[in-house]
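Chains as they are written, first to last, in this note's numbering: chain A, 1 to 312; chain B, 1001 to 1102. Yeah, the Cβ is synthetic: ideal placement off N, Cα and C, and Gly gets one too. Following: one structure in structure tokens, then a few remarks.
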Amino acid sequence: MSVDLLIDGLLGLGMIVLALQVVSERTVLRSIILFVVFGLVMALAWTRLQAPDLALAEAAIGAGVTGALMMMAWRRLLIINPEHSADTPRGRSAVAIPVALLSTALVATIGLSALNIEPHIDTAGRVALDEMTDTGLGNPVTGVLLLFRNLDTLLEMAVLLIALLGARAISAPARPEEAAVVETTTPLVGALLATLVPLSILIATHLLLAGTNEPGGAFQAGAVLAAGGVALVLTARLQPAKRPGLATQLAVTAGLLAFVGIGVGIMAFGETLLALPGTWAVYLIETAMMVSIGLTLALLFAGAPALVGRRA
Amino acid sequence: MTPTVFVLAASVVFGVGVWGLLIAEHLLRKLLALNVMGSSVFIIMLVVAGSGTAGPDPVAQALILTGIVIAVAATAFALALMVSIYRETGRASITEKDDDDR
């Protein structure tokens, strides 16, 4: 018991120290790196709280993709103005510390008092767990995401698409040399990619298929797929293109199209909106979502409306 | 015991995030602070939702998973905005002076 407490205490302490360093490091680049470490400690915290789905998502999306996006944005700032490294001195705000202390006290009060509330018997989560046996899915989180509260998930896909469209609308497409950081002629790059990219596809597929019964799912799988795309962009094997082709447009919207197509199509058979007809529909929609999420995140990273393979 | 420890740690992390958001000048650092705050809120959400025999509340987990993905989408859009601001003004910060000039 005391070992558990020690591990939890160390993780909590690690989160606090890393968060402090993220906001107070002198250089922004160090802050970004420490933020990635913070995300990984968060992933450990999720496993301690018995939420492995969230641990996977935090490691892949919270730490991985967010960190990669931050570093790419930092690089763009350096490309725009190499002289001025955009490291501004930290500002001062007289109210910062009092406000921080008050919000800490407020959040702790809310959290601790919520712990003492008598747990309800008939929460939505309990109902979802009871209904799970009829669905043929073993992972209750996937069940909630794809069956019980799938309107949330559908709109989440829409948010991802809107973020991509918004980012494209406000900034010019990246130049091909802007995204790549590795000398493309380095001999080991090919060998590395030959291992990394198939591995990312393999892991993504496993996470997707396992996600119906075990921890995993379309979001984690999409993020792992995006990691493979990021590696290809960094090594200039995939380069930013000016205009998206039909394939890109279809792939980015595949998740939404499959979701809406099945969810609305089912109404023709007298079902209610978004009442998915079975496990096959869950698999189909999750696959489409994985492709969309992976490509959308890779495009956001590359800062381009489309990616094309490099002509050798 | 585990939930209490993480609620306390996440509360402090939230405070650190608020502090970072207020003192940071660089917009990228403000975004990092916002993401840190988001993470602590997710932890507290999960703990507050309570847990049964089969682990934490699945509805809360699904909502947090949705939240993590929305957070990365919003961060990506905010980063694009920041790069645009930097391209226009040469600074990756917003000060009160910007408001006065308008």
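- Gln239(A) sits in a strand when the DSSP states are folded into three classes.
- Residue contact check for Pro82(A) against chain B: no CB pair falls below 8 Å.
- At a C-beta separation below 8 Å, Ile1094(B) has no neighbours in chain A, since its nearest C-beta there lies roughly 11 Å away.
- Residues of the region 1070-1085 of chain B with a C-beta less than 8 Å from any C-beta of chain A: Ile1070, Ala1071, Val1072, Ala1073, Ala1074, Thr1075, Ala1076, Phe1077, Leu1079, Ala1080, Leu1081, Met1082, Val1083 and Ser1084, listed in chain order.
- The Cβ atoms of Pro1003(B) and Pro140(A) do not sit closer than 8 Å to each other.
- DSSP places Gly270(A) in no alpha helix (DSSP H); its state is neither H nor E.
- Neighbours of Leu1034(B) in chain A, taken as residues at a C-beta separation under 9 Å, are lacking, since the least C-beta distance is about 10 Å.
- Put simply, the CB of Thr1002(B) is near chain A, with a gap under 8 Å to one of its CB atoms.
- Taking each of Leu34(A), Leu69(A), Arg26(A) and Leu112(A) in turn and checking the Cα distance to Ile1043(B), the smallest one comes out for Leu112(A).
- In the structure shown, Val95(A) falls within a coil segment according to DSSP collapsed to helix, strand and coil.
- DSSP lists Pro240(A) as the beta-bridge partner residues of Leu307(A).
- In this model, His1026(B) and Leu238(A) are separated by some 31 Å (Cα to Cα).
- DSSP, reduced to helix, strand and coil, places Gly217(A) outside both helices and strands of the structure shown, so it counts as coil.
- Between Phe1014(B) and Val1069(B), the alpha-carbon positions lie close to 19 Å from each other.
- Counting only residues of its own chain and dropping the five nearest sequence neighbours on each side, Gly278(A) has no CB closer than 6 Å to any other CB.
- Residue contact with chain A for Thr1089(B): absent (no Cβ-Cβ distance below 8 Å to any residue of chain A).
- In terms of Cβ geometry, Ile203(A) and Val224(A) form a close pair [threshold 8 Å].
- Per the C-alpha coordinates, the member of Gly9(A), Trp280(A), Gly222(A) and Gly138(A) positioned closest to Gly64(A) is Gly222(A).
- Residue state for His1026(B) is assigned as coil, using DSSP reduced to three classes.
- Of the candidates Ala60(A), Thr123(A) and Thr133(A), the residue whose Cα lies closest to the Cα of Leu207(A) is Ala60(A).
- Collapsing the DSSP output to three states places Asp122(A) in coil.
- Straight-line measurement puts the Cα of Val291(A) at about 30 Å from the Cα of Thr186(A).
- For the region 274-306 of chain A, the set of positions with a beta-carbon nearer than 9 Å to some beta-carbon of chain B reads Ile293, Thr296, Leu297, Leu300, Phe301 and Gly303 in chain order.
- A distance of 8 Å or more separates the beta carbons of Ala247(A) and Ile293(A).
- With respect to chain B, the C-beta atom of Thr135(A) has no partner C-beta closer than 8 Å.
- Within 7 Å of the CB of Val181(A), no CB atom of chain B is found; the nearest one sits about 17 Å away.
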